[in-house]
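Novice: Before anything else, here's the structure in question.
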Amino acid sequence: MQNNLQNSKGWYVTLGLVMVLAVTFSSCTKTPNNSQTNTPVAVLAVIDASPDAPLLDFYENSTVLNTTAIGYGSGLAYFNSYAGNVAFSFNSNGTSTKLATDNVTLTAGHYYTLFLANSIKTPDFILLADTLNPPGSNNSSIRFVNASANAPAVDVVVKKGTVLISNISYKGYTQFVPAPVMTNDTLQVLQAGTSTVLATLPNVTFAADGAYTIWLYGVAGASDATKLSVGAMQNAAF
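Below is the structure:
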């Protein structure tokens, strides 16, 4: 399965390959006598939703995990992360300058998605536990995250009118919920309780038995590259 990001211009960025059942929940480490031990790990994906951040590197403890710079609206596909208390930081690309730091506790054998949100001067981390279960009944499943610091509470609807998610404020999110299968459809993010369209994601395809995360990011009222946009990532295929 491809783990993809999609922006509101309707194109996908392939971040890597992951099969939910194939991710290894242990990592080989060396002991002083060079024998190998298994270290329990969690699995993490990372999204940069900070509108004024420069190109970034992502560090776990003291190890940089990206091979190319992380730009606004992009991120890292699922990768094995240490379980327990872990120090994360976003550094200015190619430097030791830490722009955002946090310590989180990850449970071995669990999946997570980490969002960097808000201005890089006052960054917020949004850490989600990814409960990935088959949606069943020929449905897909979706989860929504509001990662726009100055956006109002929002609803997510299919352009044809079906309301999928309602009244989600900044840093708010849903669990994965059943959603209809879609092919080249359009999602709209509306100001909650109104018909005011804040951002649109065209050409959406949600496959049966797929799990997807959708998020709102950007700056409400902006008209440049930081304007409100919608991203989408496929978390799993069952």
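Numbering of the sequence shown is given in my numbering, commencing with residue 8 and proceeding in unit increments. Glycine residues also receive a C-beta, built at the ideal position from the N, C-alpha and C atoms.
Going by DSSP in three states, residue 130 sits in which element: helix, strand or coil?
Specialist: On the sequence shown, position 123 is the one that residue 130 refers to. If DSSP states are grouped into helix, strand and coil, residue 130 belongs with coil.
Novice: Buried or exposed: residue 225, going by 16 or more other Cβ atoms within 10 Å of its Cβ?
Specialist: Here residue 225 corresponds to residue number 218 of the sequence shown, with the count starting at 1. Under this definition residue 225 is a buried residue.
Novice: Taking the DSSP output, what are the residues bridged to residue 192?
Specialist: Position 185 of the sequence shown, counted from the start, is the residue given in the question as residue 192. According to DSSP, residue 192 bridges with 211.
Novice: Indicate whether residue 158 and residue 235 have their beta-carbon atoms separated by less than 8 Å.
Specialist: Stepping through the sequence shown from its first residue, residue 158 is reached at position 151. Stepping through the sequence shown from its first residue, residue 235 is reached at position 228. A contact, by the Cβ cut-off of 8 Å.
Novice: Residue 110: which of 93, 119 and 132 sits nearest, CA to CA?
Specialist: Start at 1 with the first residue of the sequence shown, and residue 110 comes out as number 103. When only C-alpha atoms are compared, the closest one is 93.
Novice: Rank 162, 242 and 217 by C-alpha distance to the C-alpha of residue 142 and give the top, closest one.
Specialist: Translated into the one-based positions of the sequence shown, residue 142 becomes position 135. Taking only the C-alpha atoms, the option nearest residue 142 is 217.
Novice: Specify the secondary structure class of residue 109 as computed by DSSP and reduced to three states.
Specialist: The residue labelled residue 109 in the question sits at position 102 within the sequence shown. Residue state, collapsed to three classes: strand.
Novice: Span of the beta strand (DSSP E) holding residue 185?
Specialist: Taking the first residue of the sequence shown as 1, we reach residue 185 at position 178. Note, residue 185: beta strand (DSSP E), 184-186.
Novice: According to the neighbour-count rule (16 or more other Cβ atoms, all chains shown, within 10 Å of its Cβ), is residue 101 buried or exposed?
Specialist: Taking the sequence shown and counting its residues from 1, one reaches residue 101 at position 94. It counts as exposed.
Novice: Pick from 152, 196 and 156: whose alpha carbon is nearest that of residue 181?
Specialist: If you number the sequence shown from 1, residue 181 lands on position 174. Checking every option, the nearest Cα to that of residue 181 belongs to 152.
Novice: Using a Cβ-Cβ cut-off of 6 Å (strictly less than) and excluding sequence neighbours within five positions of residue 150, which residues of its own chain qualify?
Specialist: For the purposes of this step, residue 150 is taken as the residue at position 143 of the sequence shown. Taken in chain order, the residues that qualify are 181, 183 and 220.
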